[in-house]
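Enquirer: Below is the structure I would like to discuss, written out as structure tokens.
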Amino acid sequence: MKNILLGISGSISAYKAADLTSQLVKLGHNVDVVMTKNSTKFITPLTLQSLSKNPVHVDVMEERSPEKINHIELAKQTDLFLIAPASANILAKLANGIADDMLSTVALAIQPNVPKFIAPAMNTHMYQNVMTQRNIATLNEVGYQEIVPREALLACGDFGRGALATIEDILKIIQPALSNE
């Protein structure tokens, strides 16, 4: 069993994190969920808490135990870090070392040897934007592996690359990192 830290950022694809969480738990992993405040507009923390059987973390200033700093403790116990969906906003924050919410703060505390994955999901023009591509390249350089989005008809009505990879593809891509002992 691995300790997976699943980050969810503000994207219409956030609802797919429920299935991803459920599948990871069914595979026998412990899943802790960290959400941006914007992601809670798309899916509730209660849904993910029910599926993961763990508290969901949204507010970096909410410390549940006075002897431990929440984002540091989460990072220390993480065997695999996955952000799905990863919005353009969270990619920009991570690529530039900005830590202004629970997800970006815990991301900076993840140890360098922990496998890290980002699964972008956004409008095709946002995904193809030179700044977004630069941010993804920067994240790749520091150890994040991109799970490339699919080409599809997007929620906004545009067709192109930007749809979250399928849950099956995400699981297939992270599986080797989950198998390493």
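Each residue of the sequence shown is one higher than the one before, counting from 1 in the UniProt record's numbering. All C-beta atoms, glycine included, are put in the ideal place defined by N, C-alpha and C.
Please go through the segment 7 to 53 and give each complete alpha helix (DSSP H) segment of 4 or more residues, from N-terminal end onward.
Expert: Taking only runs of at least 4 residues, the alpha helix (DSSP H) segments lying wholly in the segment 7 to 53 are 17 to 26, 45 to 52.
Enquirer: If I measure Cβ to Cβ from THR36 and keep anything under 6 Å in the same chain, skipping five residues before and after, which residues do I get?
Expert: The answer, listed in chain order, is SER9, GLY10, ASP101, LEU103.
Enquirer: Report the option in LYS68, GLU73, ILE72, PRO115 whose CA atom is closest to the CA atom of ILE83.
Expert: It is PRO115 whose Cα lies nearest to the Cα of ILE83.
Enquirer: Thinking ALA14 and SER52 are a contact (beta carbons under 8 Å), I'd like their distance in whole angstroms, please.
Expert: Not quite, the Cβ-Cβ distance comes to about 15 Å (not below 8 Å), so this is no contact.
Enquirer: When you compare the CB positions of ALA107 and PRO149, do they come within less than 8 Å of one another, or not?
Expert: For ALA107 and PRO149, no; Cβs fall outside 8 Å.
Enquirer: Tell me the DSSP secondary structure of GLU62 in three-state form.
Expert: DSSP places GLU62 in coil when its eight states are reduced to three.
Enquirer: When we look at the beta-carbon of LYS2 and count the other beta-carbons within 10 Å, is it buried (16 or more) or exposed?
Expert: With 16 or more other Cβ atoms within 10 Å, it is buried.
Enquirer: Answer yes if the segment 154 to 170 comes into contact with the segment 19 to 30, meaning at least three C-beta pairs across the two stretches below 8 Å, and no otherwise.
Expert: With the cut-off at 8 Å, the segment 19 to 30 and the segment 154 to 170 touch.
Enquirer: How big is the Cα-Cα spacing for GLU62 and ASN70?
Expert: The alpha-carbon atoms of GLU62 and ASN70 are separated by roughly 8 Å.
Enquirer: Taking only three categories from DSSP, how would you classify ILE147?
Expert: Reduced to three states, the DSSP call for ILE147 is coil.
Enquirer: When the distance is taken between beta carbons, is ILE4 closer than 8 Å to residue 184?
Expert: Residue numbering for the chain in the displayed model covers 1 to 181; residue 184 lies beyond these limits and cannot be assessed.
Enquirer: Tell me, please, which residues DSSP counts as bridged to ARG161.
Expert: BP columns for ARG161 point to GLU151.
Enquirer: With respect to the alpha helix (DSSP H) encompassing LYS93, which residues constitute its N-terminal and C-terminal limits?
Expert: Looking at the DSSP string, the run of the alpha helix (DSSP H) that includes LYS93 is 88 to 95.
Enquirer: I'd like to confirm the pairing. Which residues does DSSP put opposite PRO120 in its beta bridges?
Expert: Paired residue(s): ALA86.
Enquirer: Rounded to the nearest angstrom, how far is the Cβ of ILE118 from that of ALA75, given a contact under 8 Å?
Expert: The Cβ separation is near 16 Å, so there is no contact.
Enquirer: Should SER50 go down as buried or exposed, given a rule of 16 or more other Cβ atoms within 10 Å for buried?
Expert: It counts as exposed.
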